[in-house]
Structures are given as C-alpha cells and as structure tokens.
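Remarks on the structure that follows.
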Amino acid sequence: MKHLFQRLHKKGLVLKNTKMIKGAHAGCIYRVTAESEYGRQYSFVYKEFAEGRENEIEIMEMASHYISPFSKMNDIWSDSPPAILMEDLGWPVKTTFSKESLPEKELTVKRIVERLAELHTLDTSHIDKRFPIHRITTESLEWCSDQLTKLYSQMKWVDTQWIKDIKNAYERLGLIDYIAECPLVFTHGDPHLENIFYHGEQMWFIDWEWAAMSSPLRDFTIMLQDLYDPYLIDYADTYYTEQLRKNNFALDMESYQQDFYHFYIDHTTMMIAWEVEKYFQGLHSEEEIQKILLFKAGEISRAAYNLMERNLKKD
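Residue numbers for the sequence shown follow the UniProt record's numbering, beginning at 1 and rising by one.
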C-alpha cells in the first residue's frame with residue numbers, strides 16, 4: 001500500500017487502516033480510513049485498476065463535469081498505478097434490495113429512476129468529441145451462446161431452445177448494429193444495483209468505465225436486470241417515462257418502445273451469460289441459476305414477441 005500511503009500523504013492525510021473488498025472487480029478495491037493533522041477521520045474506497053482496465057480514468061478525465069453530480073469521486077491518479085479515491089458510500093443497493101418489502105422496493109426503484117432521468121437529460125452539446133458512442137454488437141449473443149453450451153454439457157435441464165430463441169431474436173429483430181431511435185444522451189453504461197448506493201438521502205453511481213452516449217434505454221434496461229418481478233419492471237417503466245417528461249426530455253413513445261425492447265433483449269442476453277459465469281465461479285447454486293435462467297429466457301421471449309407484434313402493426 002506504499003502508493004496509497006504516499007498519495008494520501010500529499011493530501012495531508014495519514015493512512016490508518018485498509019481492508020480489501022472482495023468480489024469480481026476490475027482491479028483491487030480497498031476500504032480505507034485516514035486522518036488529517038487535526039484529527040478528523042475520513043472513510044474512502046480506493047481502487048487500483050488492473051492492467052488494461054483503466055478506461056474509467058479516461059472517462060473521468062473526459063467527462064468529470066457530467067459525472068461529478070452523480071458520483072462521490074475524491075481524486076484520480078492516471079500515473080502508475082492508475083487509481084481513484086471515492087468517498088465510502090457504505091453498501092450497494094443490491095445487498096438489501098431482495099429483502100425489502102414491496103413498498104420499500106418501489107421507493108428504491110423510484111429513487112434510482114429519478115437519478116437516471118436526471119443523468120439522461122443533461123445538456124451534452126459541449127461533450128468531448130472523443131467520448132464514445134455505444135451500439136449493440138454480437139458480443140452478448142456470442143458470450144451467452146458459449147455459456148449456455150458449456151452449462152448444457154453439465155446440466156441437462158438447460159433448454160437448448162433458449163439459444164435458438166435468443167439467436168432468432170437478434171436476427172429477426174435486427175439487434176446487431178441497431179441504431180437507437182431516441183436522442184442520444186449521457187449514459188452510465190453499467191447501472192446494476194451493485195453499482196448504485198443510497199447515501200445522504202441520494203442515489204450515487206460508481207464504476208463509470210462503460211459510460212458513453214447512447215439511448216437512455218441503454219441504462220434503464222441494464223438497471224431492470226436486477227428486478228425479478230414483472231410488476232416492478234412495469235412500475236419502473238411507467239415511472240421512468242414520467243420522469244423523462246418531467247425533465248423535459250423529447251419523448252416519442254414509439255422510439256422509446258423500439259429502443260426499450262432492443263436494448264432489453266441485448267442486456268438480458270448479457271446477464272444470462274454473466275449469471276452463468278457466476279455459477280461457474282461458485283457464486284450461485286444450481287437451484288439459483290435454474291431459477292434465474294427460466295426468468296431471463298422468459299423475458300427475452302416476451303420482449304421479442306411484443307416487439308414483433310409492434311412491428312407488424314406498423315407494417
């Protein structure tokens with residue numbers, strides 16, 4: 001922790017304690033306590049990036065003006081080892097969400113959606129021209145297909161029709177290189193409940209490495225991946241459109257629905273692959289992964305059917 005000690009020292013702080021935060025991270029993350037010369041105590045999270053995963057620093061340097069109202073970033077170091085220092089926000093929303101009552105979940109969803117709508121209605125007319133633009137590719141489809149094939153070799157309850165249905169959805173609905181119909185906005189790129197914290201009566205986001213200009217439905221459909229209740233998904237959807245209108249977003253519902261279904265199918269496909277990976281890593285039981293896959297595969301089928309129905313009515 002020599003680098004952290006030196007970096008805090010330059011800020012007039014003395015390192016008191018560190019504890020590694022375990023998990024699947026893009027580097028090493030530590031919970032840190034420090035003290036000023038006047039005895040004031042500080043709690044931080046310090047993240048040193050793994051080689052090749054320091055994209056978040058480039059994003060921060062390009063777009064700190066847009067990110068700072070939604071992040072508790074304290075400092076950034078682009079020299080080796082690249083790292084960031086954040087205020088300690090406690091524990092992510094995901095740690096308690098599944099245990100909450102339905103009214104509590106509704107309130108949590110509303111708070112997240114309100115912040116996403118604020119982010120998605122920022123004025124980005126002067127954003128750095130190097131800032132990336134996100135589009136759907138074959139990446140999630142290929143990863144999901146590989147993961148389900150591996151899982152099938154171990155678990156014969158895996159339905160091989162799932163892979164066929166997902167591939168069919170991508171092909172028939174034109175997901176690959178789909179061009180968003182909604183106006184492009186600043187998106188976080190990974191707002192899973194693990195990356196969202198409730199602190200000081202406000203929702204805050206961490207892990208901005210995938211931030212890019214895209215449809216607002218990019219973020220929204222990622223956030224939905226942690227909701228395993230059709231009622232909550234519909235509840236969030238209704239409230240999100242209300243918040244976009246409240247923030248004066250130019251909302252065309254046909255464009256919204258097209259973006260919603262395209263991004264929702266792609267992100268649900270991605271999550272199937274990721275949840276299978278967590279099973280391979282021993283983070284899910286067989287019962288848990290089976291339940292997850294049944295729900296996610298059903299959601300892809302439902303979304304694909306709804307989108308095809310909408311497109312047929314248009315024609």
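Yeah, the Cβ is synthetic: ideal placement off N, Cα and C, and Gly gets one too.
Residue environment: GLN258 is assigned as buried (16 or more neighbouring CB atoms within 10 Å of its CB, all protein chains considered). Between the stretch 242-259 and the stretch 281-296, the count of Cβ pairs shorter than 8 Å is below three; the stretches do not touch. Beta bridge pairing from DSSP links PHE49 with GLY27.
Annotation: ASP146 to TYR261 spans about 23 Å, alpha carbon to alpha carbon. One Cα belongs to LEU119, the other to SER78, and the distance between them is close to 25 Å.
Taken in chain order, the complete beta strand (DSSP E) segments of 3 or more residues contained in the UniProt domain "Aminoglycoside phosphotransferase" (82-241) are 83-87, 185-187, 196-198, 203-205 and 212-214. Residue environment analysis places GLY200 among the exposed positions, since fewer than 16 neighbouring C-beta atoms fall within 10 angstroms of its C-beta. Relative to the Cα of TYR42, the nearest Cα in the group ASP266, PHE49, LEU89 and ILE67 belongs to LEU89. The Cβ-Cβ distance between CYS144 and ILE272 falls below 8 Å. In the three-state DSSP reduction, LYS16 falls in the strand class (E or B). The DSSP-derived three-state label of GLN281 is coil. Nearest in C-alpha terms to LYS16, of all of GLU37, CYS28 and GLY27, is GLU37. Non-local C-beta neighbours of SER125 in its own chain, meaning closer than 8 Å and more than five positions away in sequence, are absent. When the five nearest sequence neighbours on each side are left out, the beta carbons in the same chain lying within less than 6 Å of the beta carbon of ASP75 are those of LEU85, in order along the chain.
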